[in-house]
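Enquirer:
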Amino acid sequence: MTKPAPKRWKRWLRRAVLLLLALVLLPVALVETGLAERWMRGAIVAQLEKLTGGQVTLQAFRFDFLALRAELSGLTIRGLEPENTPPLFRADHLLVDVRVVSFLGRKIALDDVQLDHPQIHVRFNQDGRSNYPGPKTQGPPGEPVRERIFDLTVRKFRLNDGELLFNNVRIPLVA
204 MTKPAPKRWK RWLRRAVLLL LALVLLPVAL VETGLAERWM RGAIVAQLEK LTGGQVTLQA
264 FRFDFLALRA ELSGLTIRGL EPENTPPLFR ADHLLVDVRV VSFLGRKIAL DDVQLDHPQI
324 HVRFNQDGRS NYPGPKTQGP PGEPVRERIF DLTVRKFRLN DGELLFNNVR IPLVA
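Under my numbering, the first residue of the sequence shown carries the number 204, and numbering increases by one thereafter.
1. Nearest-angstrom Cα distance between E252 and D295?
2. Measuring from the CB of A249, is there a heavy atom of the ligand MN at a distance below 8 Å?
3. Locate the beta strand (DSSP E) running through L318, then write down its first and last residues.
4. For L261, name the three-state secondary structure that DSSP assigns.
5. Is there contact between the region 302 to 319 and the region 361 to 373, where contact requires at least three CB pairs shorter than 8 Å?
6. Buried or exposed: which applies to V259, given that a residue is buried once 16 or more other Cβ atoms fall within 10 Å of its Cβ?
7. Please name the residue in P285, V301 and L228 whose C-alpha comes closest to that of A273.
8. By how many angstroms is the C-alpha of L226 removed from the C-alpha of L291?
9. Do V303 and L313 have their CB atoms nearer than 9 Å?
10. Under three-state DSSP, which class holds G256?
11. Let me check understanding here. Comparing Cα to Cα, which of T356, R332, K310 and L223 lies closest to N370?
12. Residues in its own chain within less than 8 Å of F264 by CB, not counting five upstream and five downstream?
13. Please work out which residues of its chain come closer than 7 Å, Cβ to Cβ, to P285, disregarding the five sequence neighbours upstream and downstream, and give them in chain order.
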């Protein structure tokens, strides 16, 4: 004998509400426990290592999902320079506000980028080799990375108290 229709509807409705509740609470739990930030931090470090070919360290990372704001502190990229010399790139603080342009087209724009105290140290040896190691792997066929980067829209960019050291010549960077 089959159950009456109202009981089936109630059971289906109860399961649908529980599934919806789980779908809402799961992302909240991932954010609140810090698991999402740890995953994003690891992905950022891995991508930077892949793009630069250097060894990347990041002291702190914080992402505000509601404001779509990322804060990176102590970002260091080591190239082919000796250990006792300054790294290829170092920034005390990087703040990035992201704006979603299109969900379907997976297109984003950067509203505000603030880079505090960046230090870029480029060295060339007598034989013409530099301390920049180059990307670890070639990207997928199609648009090169440099073209995709320039497709990215940045509304406001601030560079505070930076310096470029090019073969022991110090050049201040501020924009």
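In this text, a Cβ means the ideal position worked out from N, Cα and C, and glycines have one as well.
A quick note: this is a predicted structure, and the numbers were derived from the prediction, not measured.
Expert: From the atom records:
1. Counting from one through the sequence shown, the residue named residue 252 turns up at place 49. Counting from one through the sequence shown, the residue named residue 295 turns up at place 92. Cα to Cα, E252 sits roughly 18 Å from D295.
2. Ligands are entirely absent from the displayed structure, and the ligand MN is therefore not among its contents.
3. Within the sequence shown, residue 318 is the residue found at index 115, counting from 1. Element bounds for L318: K310 to V325.
4. The residue given as residue 261 occupies position 58 in the sequence shown. Looking at L261 - three-state DSSP - the assignment turns out to be strand.
5. Flag = yes, the region 302 to 319 and the region 361 to 373 touch.
6. For the purposes of this step, residue 259 is taken as residue 56 along the sequence shown, with counting starting at 1. Flag for V259 reads buried.
7. Sequence index remark: in the sequence shown, residue 273 carries index 70 (1-based). For A273, the closest alpha carbon among the candidates P285, V301 and L228 is that of V301.
8. Mapped onto the sequence shown, residue 291 falls at position 88. Mapped onto the sequence shown, residue 226 falls at position 23. In this structure, the alpha-carbon of L291 lies about 43 Å from that of L226.
9. As a working mapping, residue 303 is identified with position 100 in the sequence shown. As a working mapping, residue 313 is identified with position 110 in the sequence shown. Not in contact: V303 and L313 (Cβ atoms no closer than 9 Å).
10. As a first step, residue 256 must be located in the sequence shown, where it is residue number 53. Collapsing the DSSP output to three states places G256 in coil.
11. Translated into the one-based positions of the sequence shown, residue 370 becomes position 167. When only C-alpha atoms are compared, the closest one is R332.
12. Here residue 264 is taken as the residue at index 61 of the sequence shown, counted from 1. Result list for F264: E240, M243, R244, I247, A273, E274, L275 and S276, in chain order.
13. Taking the first residue of the sequence shown as 1, we reach residue 285 at position 82. Non-local C-beta neighbours of P285 in its own chain, meaning closer than 7 Å and more than five positions away in sequence, are absent.
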